[in-house]
Every structure is written in structure tokens, then in C-alpha cells.
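Novice: Before I ask anything, let me first share the structure, which is written out below as C-alpha cells.
In my numbering, the protein residues as written are 5 to 142.
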């Protein structure tokens, strides 16, 4: 995997991973969402909070559910996946748009995501993800 490109099946699996991420977080399907992460995963929002391990990462979806009342939508686009530094790893860059439909007019937050993935039992899992909000608009 440390070559210059991931093979097509890995790229499709990684795209599907982040599509599923958005659906699961928006539907508040916490157990399934947390299962997308490795046991030692890190979820970092610089300047706000850093969560380490699945039990801590679970707090992220709980906070989203509490703050959104099920009315936020995560759209993860421009998924650029490249081989990681070690076999069975990948580095990913993603643009994210989170819309909040609990207010009128709806607000939008644009996020820049970077992630490191690792294959676990043949499945891509998020080892570390960094979410940097860069603009909030109304």
C-alpha cells in the first residue's frame, strides 16, 4: 500500500467509509458510527477538544445528537485518498459541509478534514481524524 496510488477497490471502500460516516452520524446510529474507528482512534477538533479511544470518540456523536436534534446533515466530499506511510494505511483529505436545519434560516459550517486510516480485518477504519471548522455562514 505504500506505493504511489491506492488500488481502485481501496479507493471505493474509503469513499464508502466516509459516505457511511455522514449517514450514521446524522441518523444518530452511534454504535455503528463508532465501529468505523479503530480501538485507539483519535478525533481531534483543534482548539475545542481531542477525543482518544472509542469510548471518548463516542462522545462526539452524542454531542452532535444533543446539539442537532437530528437536524444536522454532514456532506463529505472531495475525498482524496493516498497510501499511508506503512502497509495497510492511507491518508485522506476531505471537504465537509455541515448544515443545521434546526434554525431558520439554516446555517452552514465548512470543515477541512484530514484522516489517517488503517485496515483492520480487511476493513478500512479511521485511526485519526482532524476536523477544522473554517467558516460558518447563515
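The beta-carbon is built from N, C-alpha and C at its ideal position, and this holds for glycine as well. Since the model is a prediction, treat every value here as computed from it, not as a measurement.
1. For residue 9, I'd like the list of residues in its chain whose CB is within less than 8 Å of its CB, leaving aside the five on either flank, ordered along the chain.
2. Please work out which residues of its chain come closer than 7 Å, Cβ to Cβ, to residue 122, disregarding the five sequence neighbours upstream and downstream, and give them in chain order.
3. So, using beta-carbon positions, are residue 38 and residue 68 closer together than 7 Å?
4. Taking residue 21 as part of the alpha helix (DSSP H), name the residues at either end of that continuous run.
5. With a floor of 3 residues, list each beta strand (DSSP E) that falls wholly inside the region 106-139, ordered by position along the chain.
6. Would you call the CB atoms of residue 100 and residue 84 closer than 7 Å?
7. Kindly give me the distance between the Cβ atoms of residue 65 and residue 34, rounded to whole angstroms, as I take these residues to be in contact under 8 Å.
8. Hey, how far is the Cα of residue 95 from the Cα of residue 74?
9. With a cut-off of 8 Å on the beta carbons, I'd call residue 102 and residue 76 a contact; round off their distance for me.
Specialist: Put simply:
1. Position 5 of the chain shown, counted from the first residue, corresponds to residue 9. So the qualifying residues of the chain are 86, 87.
2. Sequence index remark: in the chain shown, residue 122 carries index 118 (1-based). Taken in chain order, the residues that qualify are 42, 92, 93, 129, 131.
3. Along the chain shown, read from residue 1 onward, the residue named residue 38 stands at position 34. Along the chain shown, read from residue 1 onward, the residue named residue 68 stands at position 64. Note that the C-beta distance between residue 38 and residue 68 is not below 7 Å.
4. If you number the chain shown from 1, residue 21 lands on position 17. It spans 12-30 - the alpha helix (DSSP H) in which residue 21 sits, taken as one unbroken run.
5. With a minimum length of 3 residues, the continuous beta strand (DSSP E) runs that stay inside the region 106-139 are 111-124.
6. Numbered from its first residue, the chain shown carries residue 100 at position 96. Numbered from its first residue, the chain shown carries residue 84 at position 80. No. Outside cutoff.
7. The count along the chain shown starts at 1 and reaches residue 65 at position 61. The count along the chain shown starts at 1 and reaches residue 34 at position 30. So it is a contact: roughly 5 Å between Cβ atoms.
8. As a position in the chain shown, residue 95 is number 91, starting the count at 1. As a position in the chain shown, residue 74 is number 70, starting the count at 1. Going by C-alpha positions, residue 95 is about 30 Å away from residue 74.
9. By 1-based counting over the chain shown, the position of residue 102 is 98. By 1-based counting over the chain shown, the position of residue 76 is 72. Indeed, because the Cβ distance is near 6 Å, the residues count as touching under 8 Å.
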